[in-house]
Amino acid sequence: MDWVMDRDFFSASDICAGYGGKEIVHQVSFGVEEGSLLGILGANGSGKTTLLKALCGILPHKGCCTLDKTALDRLSPRRLARLCSYIPQRSGISIQISALDVVLMGFNPRLGLLEMPSAAMKEAACRALALVGLGGWEECSYLNLSEGQKQLCILARTLVTDAKLLLLDEAESALDFRYRYRMLDILRDWLKKGGRCAVVTLHDPGLALNGCDRLLLLSEGRVLDILSPGTDPLNKMEQRLKAIYGPVSLQKCRGKDDSVHLVMLKEREME
Amino acid sequence: MASPTVKTKLLNGAALFLLLILALASLFIGKYPLSLEGLLAGDELQLRVFQTLRLSRTAVGVIGGFALGVAGFVYQTVFRNPLASPDIIGVSSGASAGAAAGILFLSGGAAVTLSAFSGALLAVVLALALSSLDRSGKNSSIVLAGIAVHALAQTALLCLKLMADPERQLASIEYWIMGSLNGISLYHIPGNLLLCAGCLALLFLLHRQILLLSAEEGEARMLGVNVGRLRLFILLIATLTVSSVVSLTGLISFVGLMAPHCARLLTKSNRPGTLLLSGLLGGSLLCTADILARSVGSAELPVSIFTSLLGAPFLIFLIIQGRQD
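Order-wise, the sequence lines are chains G and Y. Residues 1 to 271 in our numbering are what the first sequence spells out, letter by letter. Residues 1001 to 1325 in our numbering are what the second sequence spells out, letter by letter.
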């Protein structure tokens, strides 16, 4: 099945990647339209993180990625960082550094080697921290933040990069219920500015079904299907999700504002 | 309570004041005591001691200690390892082997300095070249290459010691390895100190890039950093800084380890102010150790005895504090 369209803003074609000579992701192809959010769902070890690392060039891979007609695979780290920003599952920062300084790192692709961030950049970094709910935490050491706050801080860093493509690797994993949806709202607002798209791997299928425009289902490093939760029939989605999570059922619920939400329930395994 | 920036400024002010006091003390304390009155009165002997011995010794103590503190900060941040030091990529052992070769085959203090500097530089170039064979560009490959170079340099040093005349040359090699600021001539230091000052200025300018290297490699790359090239460049500059000092003084332990730790414990940050404080504390420590080295015994003692005496308890304190955390 061909999941790449000509109108796609970002496309990945025949991506193969792995570690130590062992291929984990096999010929994955997909596209993301401008302004849309693609979620990647898959069981543990299905290759979600490997795929994301290959897309942003951290991991050597076969295949090619194109963003707004620009091939990403041969770009220098600096040019790549201007176009594409990546949030890892957990940041590797291990020294005492303030939350503000962590966010200011996001401006690096726009600064010269010896250049320092301007006052306007510092203001923008403070605004980004306030946006993710960390206003007032600017001078707090990044290491002293909770895991959830660290993820929000890295999200703020990603937002200031002004990249066209955001890649988020389970960025919701340490966030509480409220901030998981807050993160998605922030992403949605960010996408509305135009000329942007985002790819996010998620552990929470409920969040993915209600927050993403399309869902790529990954199983053993291959694309199982790409769903559109807003339009695909429930029974089709149930069948596809069953391949990842076992027996599940999907139901539509209405919120107090009459908006429709999808709820996934785990069904009993049949003998 | 003062803001972190104000606190760091106050700490730097206090450390600068302490360093100035120690530098002044270093100028006047020693086997041949100097006095301000004597110098102002134009006492020829006092002036000669001041110009040829004390001035150079104090300059090397202040700038050398400052350089070791700053370089230690850089090594620890880039390697993401609180115990990292110039030894990690074989600088000290390369300098020792170079100095031993100078003592054996060349004549004169300047030749030994140049030979030690060449040994340190050769060790670093070899370590970086070996690590570049591993195209993954990981920190661990540089560390492994450093261990290999360190072992090679130690073997070379052992061979040179075996060849040395036990009466004079072997003692000179051992004394050099123990480190001392004694006998550093004013005529030997300008080149080293200029190189050291240039490298230090560059390290301060590169502070933002040094912090970027503290992130994981993939993360730093996605922040637009060419990790492999930048790390090699910064390590080369930090190593040149250390080499320019140890080629004059011999090996000096613990300054590069202690000063950045103290600075971080005091400021709880890694901003440029902390880098500066690492340098000021490094200078203060080396000056203190040097004053003690020339005052405690009847003969001049190696400076590393005192830096280690101060450093070892501090390291134990760090380990205990780490366990409590």
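C-beta atoms are modelled at their ideal positions from N, C-alpha and C, and glycine is treated no differently. Remember, it's a predicted structure, so these values are computed and weren't measured experimentally.
Legend entry - Per-residue contacts from G/C56 into chain Y (C-beta, under 7 Å): M1222
Legend entry - Distance between G/L167 and G/N210 (C-alpha atoms, nearest Å): 19 Å
Inset, instruction - Consider the Cβ of Y/R1231: report whether some Cβ of chain G lies at a distance smaller than 8 Å. - result: no
Inset, instruction - Have a look at Y/A1025, Y/L1203, Y/L1126, Y/G1218 and flag the residue whose alpha-carbon is nearest the alpha-carbon of G/I87. - result: Y/G1218
Inset, instruction - May I ask which residues mark the beginning and end of the beta strand (DSSP E) holding G/S272? - result: A query on residue 272 of chain G cannot be resolved here, the shown segment of chain G reaching from 1 to 271 and no further.
Legend entry - Proximity of Y/G1065 and Y/S1085 at Cβ, strictly below 8 Å: no
Inset, instruction - Use the C-beta contact count for Y/L1106: other C-beta atoms within 10 angstroms, 16 or more gives buried, fewer gives exposed. - result: exposed
Inset, instruction - Could you name the residues that DSSP lists as bridge partners for G/M264? - result: G/L250
Inset, instruction - Could you give the DSSP three-state label for G/C56: helix, strand or coil? - result: coil
Legend entry - Proximal chain Y residues relative to G/A81, where beta-carbon distance stays under 9 Å: R1221, M1222, L1223, G1224, V1225
Inset, instruction - Compare the C-beta of G/K53 with all C-beta atoms of chain Y and state if any pair is closer than 8 Å. - result: yes
Legend entry - Any C-beta of chain Y under 8 Å from that of G/M183: no
Legend entry - Sequence-distant residues of its chain with Cβ nearer than 6 Å to Y/A1289 (five each side left out): V1303, F1306, T1307
Legend entry - Sequence-distant residues of the same chain with beta carbon closer than 7 Å to G/G57, five excluded per side: L72, D73, L80
Legend entry - Integer Cβ distance of G/E201 from G/E220, believed to fall under 8 Å: The residue you asked about is not Glu; residue 201 of chain G is Thr in the sequence shown. G/T201 to G/E220, Cβ: 16 Å. No contact.
Inset, instruction - Spell out the partners DSSP gives G/H61 in its beta bridges. - result: G/A17
Legend entry - Sheet register partners of G/R222 (DSSP bridge): G/S219
Legend entry - Y/G1218: first and last residue of the uninterrupted alpha helix (DSSP H) it sits in: 1217 to 1222
Inset, instruction - Could you have a look at G/S98 and say whether DSSP puts it in helix, strand or coil? - result: strand
Inset, instruction - Buried or exposed for G/C253, please, with buried defined as at least 16 other CB atoms from any protein chain shown within 10 angstroms of its CB. - result: exposed
Inset, instruction - Rank G/Q27, G/K22, G/S141 by C-alpha distance to the C-alpha of G/A275 and give the top, closest one. - result: This structure cannot settle anything about residue 275 of chain G, because the visible part of chain G is limited to 1 through 271.
Inset, instruction - Please report the residue range of the beta strand (DSSP E) in which G/Y86 lies. - result: 84 to 87
Inset, instruction - Identify every residue that forms a DSSP beta bridge with G/R214. - result: G/L38
Legend entry - Per-residue burial, G/H261 [other beta carbons within 10 Å of its own, 16 or more giving buried]: exposed
Inset, instruction - Reducing DSSP to helix, strand and coil, say where G/V132 ends up. - result: coil
Legend entry - Simplified DSSP state of G/L75, which is helix, strand or coil: coil
Inset, instruction - Say whether chain Y places a C-beta atom closer than 8 Å to the C-beta of G/Y86. - result: yes
Legend entry - Residue-level contact to chain G via CB, Y/S1269, 8 Å cutoff: yes
Legend entry - Whole-Å CB distance - Y/V1112 paired with Y/G1119, under 8 Å assumed: About 10 Å separates the two Cβ atoms, so there is no contact after all.
Legend entry - Nonlocal neighbours in the same chain, by C-beta distance under 8 Å from G/G255, ignoring five residues either side: H261
Legend entry - Three-state secondary structure assigned by DSSP to G/T70: strand
Legend entry - G/P60 versus G/L129, G/C16, G/T66, G/D225, residue with shortest Cα-Cα distance: G/C16
Legend entry - Host alpha helix (DSSP H) of Y/T1267 (start-end): 1255 to 1267
Inset, instruction - Evaluate G/T231 with the Cβ neighbour count: other Cβ atoms within 10 Å of its Cβ, from every protein chain shown; 16 or more gives buried, anything less gives exposed. - result: exposed
Legend entry - Y/V1060 vs Y/I1184 beta-carbon contact at 8 Å: yes
Legend entry - For Y/A1299, the three-state DSSP class (helix, strand or coil): coil
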